[in-house]
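*Asks:* The numbering of the sequence shown is the working numbering, which starts it at 22 and goes up by one. Mind having a look at this structure? Questions to follow.
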Amino acid sequence: MTAGSNTLSRPPSRARRGAPASFPAGSPIFERMFTRLGCRGRPPQFAVEFYPYASLCHTIRLRGDAASVRLSDLLRHAPLPILEAAAALLLSRIFRRPVPAELAEAYRRYATAAGTQRRMQTLRRLRGRRRHFGPQGDAHHLAEIFCRVNADYFDSRLVLPEIGWSARAWRRQLGVYDPGLNQIVINRRLDRAQVPGLAVAYVVFHEMLHLQQSTGRSRCGLGIHSPEFRREEKRFREYLQARKFLARL
């Protein structure tokens, strides 16, 4: 989640994480899968890139007629049928369409194959966990906020993940949930007395929605910012106040 625009993003990658790489050939793949799944309307304009996640995770954000897609760079050398399967899985969740069984099975076999699992373990060793300083901050305690939000909005169903303040202040990113690491990290810029608790709670709530998305799925997660996700965000009681404050950061 970023300040000002309040759009979801990831914190700056460390050098050893590598850098995102544009994947122009991904756009026609997503367009074909959009048609194959029978999604309604015109396909959005897809911008696809490979992203250096620490696991086999993929995300999609839909804003109007534009869709931003990040595929794990583990798929950089994957065969075309696997890329098509990943596209179908992402599109199926955001457009509520069934995935052909053969595509789902192909992706499952690829994700659980010994070679893929070895590469994932290598990435974990190289990229590691995001550095943070634990949940106790100078002004706000993230674990306590998580527990309150969990009780208020999730019936205390979510299990507390690794959660903490970022090791340094990020310029724009406000928070991130990494499903591969089961880790929530919040920008330490928010750990100030002048930042109201409702604003911090909203950012934590947002990341908890992603945690809820990943519950019950394998760690080759698919992060989705669908219209349904945006509606879920608005369940936060101080949604407008929090967004207004965060837009000024």
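Glycine residues also receive a C-beta, built at the ideal position from the N, C-alpha and C atoms. Note that the structure is predicted; figures quoted are calculated from it, not measured.
(1) Counting C-beta neighbours from all protein chains within 10 Å, is the total for Ser177 16 or more, i.e. buried, or is it exposed?
(2) Between the alpha carbons of Gln157 and Pro41, how many angstroms are there, rounded?
(3) For the 8 Å Cβ check, are there 3 or more pairs between the region 248 to 264 and the region 202 to 212?
(4) For Pro64, which option in Gln142, Pro49, Tyr223, Leu77 has the closest C-alpha, if you only look at C-alpha atoms?
(5) List the residues that DSSP assigns as beta-bridge partners of Thr137.
(6) Tell me whether Arg130 is buried or exposed, calling it buried when 16 or more other Cβ atoms sit within 10 Å of its Cβ.
(7) Going by the beta-carbon positions, is the gap between Val206 and Ser187 smaller than 8 Å?
(8) Using a Cβ-Cβ cutoff of less than 8 Å, which residues in the same chain neighbour Thr137 once the five nearest sequence positions on both sides are dropped?
(9) Tell me whether Gly237 is buried or exposed, calling it buried when 16 or more other Cβ atoms sit within 10 Å of its Cβ.
(10) Would you list, in sequence order, the uninterrupted beta strand (DSSP E) runs of no fewer than 3 residues that lie entirely inside the region 74 to 151?
(11) Which ranges would you report for the beta strand (DSSP E) in the region 176 to 258 if only whole runs of at least 3 residues count?
(12) In this structure, how does DSSP classify Ala68 when only helix, strand and coil are distinguished?
(13) Smallest Cα separation from Phe175: which of His79, Arg148, Leu232, Gly155?
(14) With 16 other CB atoms within 10 Å as the buried threshold, where does Arg251 fall?
(15) Does the distance from the CB of Phe71 to the CB of Leu112 come in under 8 Å?
(16) Which class does Leu164 belong to by DSSP, given the choice of helix, strand or coil?
(17) In angstroms, rounded to a whole number, what distance separates the CA positions of Ile166 and Gly155?
(18) Between the C-alpha atoms of His161 and Cys168, what's the straight-line distance to the nearest angstrom?
(19) I'd like the list of long-range same chain contacts for Ser43, defined as Cβ closer than 6 Å, with 5 residues on each side in sequence excluded.
(20) Please state if the CB of Arg114 and the CB of Gly59 are separated by a distance shorter than 8 Å.
(21) What does the Cβ neighbour count give for Ser239, buried or exposed, with the cut at 16 atoms within 10 Å?
(22) Per DSSP, Gln157 is paired with what?
(23) If you drop the 5 nearest sequence neighbours on each side, which residues of the same chain put their C-beta closer than 8 Å to that of Glu105?
(24) Along the chain, where does the alpha helix (DSSP H) that runs through Leu270 open and close?
(25) Helix or strand or just coil, what does DSSP make of Ala40?
(26) For Gln234, is the classification buried or exposed, using 16 other Cβ atoms within 10 angstroms of its Cβ as the cut-off for buried?
(27) In angstroms with no decimal places, state the Cα-to-Cα distance between Gly47 and Leu179.
*Replies:* This is what the structure gives:
(1) Label assigned to Ser177: exposed.
(2) Whole-angstrom Cα-Cα distance: 32 Å.
(3) Because the criterion of three Cβ pairs below 8 Å is not met, the region 248 to 264 and the region 202 to 212 do not touch.
(4) That would be Pro49, whose Cα lies nearest to the Cα of Pro64.
(5) Paired residue(s): none; Thr137 is not in a bridge.
(6) Exposed, since its Cβ has fewer than 16 Cβ neighbours within 10 Å.
(7) Yes, Cβ-Cβ distance for Val206 and Ser187 is below 8 Å.
(8) Correct list, in chain order: Leu77, Leu95, Tyr131.
(9) Its pLDDT being 44, under 50, Gly237 is placed unreliably by the model, and the measurement read from it follows with that caveat. Exposed, because fewer than 16 other Cβ atoms sit within 10 Å of the Cβ of Gly237.
(10) If we require 3 residues or more, the beta strand (DSSP E) runs fully inside the region 74 to 151 come out as 79 to 84, 87 to 93.
(11) Within the region 176 to 258, the complete beta strand (DSSP E) runs of at least 3 residues are 183 to 186, 196 to 199, 204 to 207, 243 to 246.
(12) Ala68 falls in the strand class under three-state DSSP.
(13) The candidate whose alpha carbon is nearest that of Phe175 is Leu232.
(14) That one is exposed.
(15) No. Outside cutoff.
(16) It should be noted that the sequence gives Ala, not Leu, for residue 164. Note: Ala164 maps to helix in three-state DSSP.
(17) C-alpha of Ile166 to C-alpha of Gly155: approximately 13 Å in a straight line.
(18) If you take the alpha carbons of His161 and Cys168, they lie about 13 Å apart.
(19) The residues Glu70, in chain order, have a CB closer than 6 Å to that of Ser43 in the same chain once the five nearest residues on each side in sequence are set aside.
(20) Going by C-beta atoms, Gly59 is not nearer than 8 Å to Arg114.
(21) Confidence in Ser239 is poor, its pLDDT being 42 and thus under 50, which makes the residue's placement too unreliable to answer from.
(22) DSSP output for Gln157 lists His162 as bridge partner(s).
(23) Contacts found: Ile50, Arg53, Met54, Leu124.
(24) In this chain, Leu270 is not harboured by any alpha helix (DSSP H), its DSSP state being neither H nor E.
(25) Here Ala40 sits in coil by DSSP.
(26) Gln234 is buried by the Cβ-count criterion.
(27) In this structure, the alpha-carbon of Gly47 lies about 34 Å from that of Leu179.
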